[in-house]
Amino acid sequence: MTTFLTVLVGVSMFATLGVMLAGMLGLARSEAGGGARSNRLMRWRVTMQGVTLVLFLLLLMARG
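Following full-length UniProt numbering, the residues of the sequence shown are numbered contiguously, the last one being 64.
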């Protein structure tokens with residue numbers, strides 16, 4: 001169980017990093033209509049961070 005949670009935490013961390021990098025690249029390009037896309041990516045980043053934290057807390061509780 002802990003191995004599975006550890007893998008999920010790692011995957012969710014990399015997913016958060018990917019969303020954050022996509023948002024930063026979008027802002028650096030200053031694309032037309034990028035404001036809506038930037039906001040959507042920011043919401044995804046916050047959601048992914050929340051998922052990562054919940055998974056990390058579950059991992060800590062499983063290791064108890």
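C-beta atoms are modelled at their ideal positions from N, C-alpha and C, and glycine is treated no differently. The structure displayed is predicted, hence computed values, not measured ones.
- Minimum Cα-Cα distance from Val19 among the listed residues Met48, Ala62 and Thr6 corresponds to Met48.
- Here Gly35 has no same chain residue with a Cβ atom under 6 angstroms from its own Cβ, once five neighbours each way along the sequence are excluded.
- Listed in chain order, the non-local C-beta contacts of Met1 below 8 angstroms within the same chain comprise Ala62, local neighbours out to five positions each way being set aside.
- CA-to-CA, the gap between Ala28 and Val11 works out to about 26 angstroms.
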